[in-house]
Amino acid sequence: MNTMANMGFFPRSGKNITDQTVKDVFLNVLGVGTDISDFFLNAVKEAKNADGTLSLDKINRHGLVEHDASLVRRDINVNPTNQIDPVLVNAIVAAAKDGKFLTPNDLGDFRRQRAKDAAADAKASGYKDFSFGLKPQFTAFGEAALLMEVFGGEQQKIPVQWLKTFLGNEELPADFTKRSTFHIPGLLAVAAQLKGDSIF
Numbered sequence: 055m056n057t058m059a060n061m062g063f064f065p066r067s068g069k070n071i072t073d074q075t076v077k078d079v080f081l082n083v084l085g086v087g088t089d090i091s092d093f094f095l096n097a098v099k100e101a102k103n104a105d106g107t108l109s110l111d112k113i114n115r116h117g118l119v120e121h122d123a124s125l126v127r128r129d130i131n132v133n134p135t136n137q138i139d140p141v142l143v144n145a146i147v148a149a150a151k152d153g154k155f156l157t158p159n160d161l162g163d164f165r166r167q168r169a170k171d172a173a174a175d176a177k178a179s180g181y182k183d184f185s186f187g188l189k190p191q192f193t194a195f196g197e198a199a200l201l202m203e204v205f206g207g208e209q210q211k212i213p214v215q216w217l218k219t220f221l222g223n224e225e226l227p228a229d230f231t232k233r234s235t236f237h238i239p240g241l242l243a244v245a246a247q248l249k250g251d252s253i254f
């Protein structure tokens, strides 16, 4: 969402984003099916403005879709500003075992380990509100699956340079082109593959 605002697909202010704009941008820019957009919009409906539009600052409220053990953001007890952590960006890039592409196996390994590390950090720091139960797990692995579906394409391999640009700079890579449209069943299948049989 931040990337879409940064690049002008959404209002750069991050405010007054209509449902139709979300659907159009997700579909036409990222290849995300409208069923996925509808699911997302329903998940954030309580954060909508009085006129029915969305603002990114409200969507990013902890516990709505923002959650502990994020891929590239530290938990709110460490980083209340919710800014991207370059150390975590470098870590997910390094998770690409061949140094060139992040595969579903690479991403699944990283997603599960990130959850374990965040839980351990929370325990060590006394962060008693850490939560990575069923809802945040569903969101976290769904987000990871979305990353793979959007940027991995039909080959399910994300170029590491794309990771650096998208996750590190919150921009779309200059040579990015959307894949064919994907929908909830495919997204859930990838999420299940990433999660495996881990408790996280």
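As numbered in the working numbering, residues 55 to 254 make up the sequence shown, in order.
Cβ atoms here follow ideal geometry from the backbone N, Cα and C, with glycine treated the same way.
Owing to the predicted nature of the structure, the values given are computational and were not obtained by experimental measurement.
Among the candidates the options, whose CA atom is the shortest distance from the CA of residue i?
i: Thr157; options: Gly106, Asn223, Gln247 and Ser124; result: Gln247
i: Ser234; options: Leu241, Ala228, Gly207 and Lys218; result: Gly207
Applying the criterion that 16 or more other CB atoms from any shown protein chain within 10 Å of the CB defines a buried residue, is residue i buried or exposed?
i: Arg115; result: exposed
i: Val132; result: exposed
i: Ile212; result: buried
i: Arg66; result: exposed
i: Leu201; result: buried
i: Asp183; result: exposed
i: Phe64; result: buried
Which residue marks the beginning of the alpha helix (DSSP H) containing residue i, and which one marks its end?
i: Gly196; result: Leu188 to Gly206
i: Pro140; result: Pro140 to Ala148
i: Gly162; result: Pro158 to Ser179
i: Gln210; result: Where Gln210 is concerned, there is no enclosing alpha helix (DSSP H), given that its DSSP letter is neither H nor E.
i: Val244; result: Ile238 to Lys249
i: Lys112; result: Leu110 to Ile113
i: Asn60; result: Asn56 to Asn60
i: Ala97; result: Thr88 to Ala97
By DSSP, does residue i sit in helix, in strand, or in coil?
i: Leu118; result: coil
i: Phe184; result: coil
i: Ile71; result: strand
i: Phe230; result: coil
i: Phe64; result: coil
Would you call the region 106-125 and the region 169-176 touching, i.e. three or more CB-CB distances under 8 angstroms? yes
Cβ pair count under 8 angstroms reaching 3, the region 217-225 against the region 71-79: In short, these stretches do not touch, since the Cβ pair count stays below three.
Count the CB pairs spanning the region 86-93 and the region 229-245 that are closer than 8 angstroms, and state whether there are at least three. Yes, the region 86-93 touches the region 229-245.
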